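Read the structure below first, then the notes.
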Amino acid sequence: MAATATHVSYATQLFIGGKYVDTKSGIKFDTIDPATEEVIATMHGAGKEDIDDAVAAATSAFEITKRMAGSERRNCLLKLADLIEKHRAQIAEIESRDNGKPRHIADTVDIMYVIECFRYYAGWADKVGGKIIPWNFPLLMAAWKLGPALAMGCTTVLKLSEKTPLSMLMLGHLFNEAGFPAGTVNIVNGYGNPTGDLIARHPGIRKVAFTGSSFVGHKIVTASAETNLKKVSLELGGKSALIVCKDADLDEAATAAHVGLFLNMGQCCVASSRIFVDEEIAEAFTAKVVALAKTLRQGASEGHGDGAIDLSLPTAVPICDLGPQVDKIQFDKILGFIEVGKAEGATCVLGGSRVGTKGYFVAPTIFTGVTDTMTICKEEIFGPVMQVLTFKDNNEAVRRANSSVYGLAAGICTRDVGNALAMAKELEAGSIWINCYNNFDMACPFGGYKESGWGRDKGEYALENYTEVKCVMIPIAIQK
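Position one of the sequence shown corresponds to residue 1 (this note's numbering), numbered consecutively onward.
In structure tokens, the structure reads:
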């Protein structure tokens with residue numbers, strides 16, 4: 001535990017074998033506050049020797065966890081959930097500062113679902129695995145991987161995103177306090193190369209669960225094939241479509257589009273960035289989503305840092321809806337896509353630029369006049385950029401929605417339930433919301449088709465990722 005800021009002490013080392021330890025590789029990197037562009041802390045990165053130590057600790061702990069009674073694992077998971085709830089204010093502040101999302105969102109969305117996740121999998125608990133998690137929901141995505149793994153008695157080497165390592169690393173000692181054997185969960189920091197690649201290729205790891213880009217997903221599959229044929233589950237990219245039929249409730253549809261795209265500053269793999277609207281209602285619908293987007297309060301999180309609102313930030317608000325993008329790389333990428341959209345002929349009816357001069361803030365942006373061949377309609381932007389397209393009939397909308405290489409999620413807005421179910425059957429997506437968007441339940445599976453991944457997180461389905469089927473036969477002797 002090293003770097004200290006107002007209110008919070010940050011864990012900056014690696015967490016291996018139940019202890020915070022310095023890197024043996026000498027790798028160091030900074031994590032940045034995206035609202036102020038200032039360094040929060042300097043992190044220890046993991047190299048080969050560190051990963052070897054983490055795998056050894058997990059392998060040793062597996063000899064204990066695989067023999068733990070289901071009731072013991074259940075009790076550990078329940079206690080872990082209670083401990084996270086006890087420290088949720090501190091965790092939310094760290095998540096907000098490191099990721100940029102508003103603190104009240106981190107508390108009531110991310111951390112609430114983390115607690116729910118561990119409690120859910122505790123109810124299922126009555127090999128050493130590696131997990132590589134993304135930066136957009138650092139705690140929540142880790143919980144989705146850890147919950148079923150811990151319930152099944154697996155041990156873990158968890159690689160955090162170099163963009164947002166602080167919140168999950170803080171939880172290291174809570175696994176000890178919850179009663180898990182030392183080495184059950186080992187947490188390492190670092191970039192995809194070398195740290196992520198070392199995990200994907202390590203012969204002592206038998207399963208890799210990854211959430212991130214399709215590009216990196218391909219690399220993980222290759223690494224598995226070239227080494228020990230690890231089991232792999234992948235939750236990858238998306239370019240999700242929301243179809244608004246002409247009989248839809250326009251207020252309900254506009255809300256679904258708004259929540260679907262602008263949650264977490266558009267940094268969601270399921271973001272409803274492609275909005276297909278029946279041409280008969282397109283003008284009225286667009287007016288409503290533009291009006292909703294104009295209500296968004298943008299700025300640093302309430303109480304950011306020392307509890308005061310920084311007046312140099314774009315908007316000084318007591319509670320904000322949109323924070324900054326996670327880092328300069330993402331910020332520049334989004335602004336680049338916006339300029340490409342304008343150059344290719346789309347009409348920017350809202351936003352289209354950065355906000356302020358400090359921090360990685362991008363204005364909520366809405367494009368109309370978008371066609372399927374435009375770059376902004378094909379590429380995953382991962383930012384607050386909505387594209388509105390029109391269609392003539394529902395069959396056309398479904399066909400065009402399915403034209404993406406991705407198949408993670410989709411939405412349908414209509415008053416006709418039969419029509420909604422018929423369209424849902426044809427849509428190539430793992431999650432489909434009807435007259436809503438971004439609604440989640442831990443019992444419901446989550447994952448995608450096509451380039452959006454392999455396997456499912458959440459629910460009973462996720463347990464299959466962390467178990468093997470074994471057939472044992474015994475001949476029964478016939479008494480003579």
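Built from N, CA and C at the ideal position, the CB exists for glycine as well.
It should be emphasised that the depicted structure is a prediction, and the values quoted were computed from it without experimental measurement.
Secondary structure within the region 98-122: the alpha helix (DSSP H) runs of 4 or more consecutive residues, fully enclosed, are 112-122 (chain order). Within the DSSP secondary-structure output, Met-386 pairs in a beta bridge with Ile-366. Looking at the backbone, the Cα of Asp-393 and that of Gly-345 are separated by about 24 Å. In the assembly as shown, Phe-276 is a buried residue. Its beta-carbon has 16 or more other beta-carbons within 10 Å.
By the Cβ rule, the region 259-279 does not count as touching the region 336-344, because fewer than three pairs are nearer than 8 Å. Annotation note: the region 139-187 contains the following uninterrupted beta strand (DSSP E) runs of length 3 or greater, listed N- to C-terminal: 155-159. Between the region 233-251 and the region 373-385 there are three or more C-beta pairs closer than 8 Å, enough to call the two in contact. Within the DSSP secondary-structure output, Tyr-406 pairs in a beta bridge with Lys-450. A Cβ-Cβ contact shorter than 8 Å links Asn-402 with Leu-427. In the DSSP assignment, Gly-204 falls outside any beta strand (DSSP E) and carries neither an H nor an E. CA-to-CA, the gap between Val-355 and Gly-299 works out to about 9 Å.
Its Cα nearest to that of Met-152, the residue Tyr-461 stands out among Tyr-461, Pro-475 and Val-472. In this structure Thr-347 is exposed. Its beta-carbon is surrounded by fewer than 16 other beta-carbon atoms within 10 angstroms. For Asp-30, the enclosing beta strand (DSSP E) has its first and last residue at 28-33. Within its own chain, the residues whose Cβ lies closer than 8 Å to the Cβ of Thr-467, once the five positions on either side in sequence are excluded, are Met-152, listed in chain order.
As the crow flies, the alpha-carbon of Asp-249 is around 27 Å from that of Phe-446.
Contact check between the region 199-212 and the region 173-184: fewer than three CB pairs, one atom from each, fall below 8 Å, which does not count as touching. Of Phe-361, Ser-161, Tyr-113 and Asp-372, the smallest CA-CA separation from Leu-140 is found for Tyr-113.
Three or more beta-carbon pairs separated by less than 8 Å are not found between the region 19-33 and the region 152-161, which leaves the two stretches without contact.
Ranking Leu-169, Glu-252, Ala-106 and Gly-100 by CA distance to the CA of Tyr-20 puts Leu-169 first.
Close CB contacts of Lys-79 within its chain, under the 7 Å cut and outside five residues either way in sequence, are with Ala-178 and Gly-179 (chain order). Residue pairing by DSSP puts Gly-411 in a beta bridge opposite Leu-242 and Trp-433. When Cβ pairs closer than 8 Å are counted between the two stretches, the region 184-194 is seen not to touch the region 403-411, the count staying below three.
According to the DSSP secondary-structure assignment, Val-21 is paired through a beta bridge with Leu-14. If only complete runs of 3 or more residues are kept, the region 215-273 shows the beta strand (DSSP E) at 231-235 and 241-244, in order along the chain. Relative to Leu-242, the option among Phe-215, Ser-233, Val-270 and Gly-190 whose CA is nearest is Val-270. Per DSSP, Lys-458 is not a residue of any alpha helix (DSSP H), being assigned neither H nor E.
One Cα belongs to Ile-474, the other to Arg-201, and the distance between them is close to 37 Å. In terms of Cβ geometry, Val-216 and Ala-254 do not form a close pair [threshold 8 Å].
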